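Notes follow once the structure below has been shown.
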Amino acid sequence: MGAVLAPDNGDDWVALSEEPLPLGAGLEWVTLPSCGGTVLFSGTVRDHADGRTGVTGLHYEAYVEQAEKRMQAVIDDARSRWPDVGRIALLHRIGQLELLDVAVIVVASAPHRDVAFEAARFCIDTLKATVPIWKKETWEGGSDWGTRAQSIEAPGEPGLATA
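Be aware that the sequence shown starts at 1, since it is given in the UniProt record's numbering, and climbs by one per residue.
Shown next, in the form of structure tokens:
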């Protein structure tokens with residue numbers, strides 16, 4: 001895996017990468033003349049987790065082939081709910097990340113801000129619930145898989161984010 005590059009065509013950008021995620025390029029790519037609202041969510045590695053302090057890093061693993069398919073399914077679902085969405089980017093890191101590294105980026109554009117906000121929120125919530133990506137936390141004195149681990153659901157199953 002090399003640098004994360006924006007697609008040459010289309011309105012969807014899905015990527016898993018061991019390389020740093022391009023915040024600026026993601027924002028620039030989703031910006032369209034027809035879209036007055038753009039929302040960017042960036043999830044970064046923090047120094048604590050539920051009930052745990054001193055977190056020093058995260059390690060993400062993914063079932064890459066299925067993860068990319070599920071990420072596209074998340075976008076497809078968002079587009080069916082908000083047909084006015086312009087572009088959507090779902091980018092996620094895998095491998096070892098340190099404090100303040102960007103782990104995930106969701107960017108959505110739409111003619112109006114409400115649609116961009118709703119689509120972006122739906123995408124991050126549904127990505128976390130349906131995409132086979134797992135997080136191992138490392139802290140002073142140990143490591144373990146995330147304290148909020150959950151089963152992976154298929155897109156559209158009960159319990160997922162709804163609009």
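All residues carry an ideal CB built from backbone N, CA and C; glycine is no exception.
For clarity, every value in this text was computed on a predicted model and none was experimentally measured.
Checklist entry - Is the region 41-55 touching the region 96-115, taking contact as three or more C-beta pairs under 8 Å? => result yes
Checklist entry - Secondary structure at residue 24, three-state DSSP: helix, strand or coil? => result helix
Checklist entry - Where does residue 127 fall in DSSP's three states? => result helix
Checklist entry - To which residues of the same chain is residue 54 closer than 8 Å at the C-beta, ignoring the five residues directly before and after it? => result Short of 8 Å from the beta carbon of residue 54, and not among the five residues preceding or following it, lie these beta carbons of its own chain, in chain order: 47, 48, 139, 140 and 141.
Next on the checklist: residue 75 and residue 12 - do their beta-carbons sit closer together than 7 Å?
Outcome noted: yes
Checklist entry - What three-state label does DSSP hand residue 34 in the structure shown? => result coil
Checklist entry - By how many angstroms is the C-alpha of residue 28 removed from the C-alpha of residue 22? => result 10 Å
Item to check | residue 30 beta carbon less than 7 Å from that of residue 90 | outcome: no
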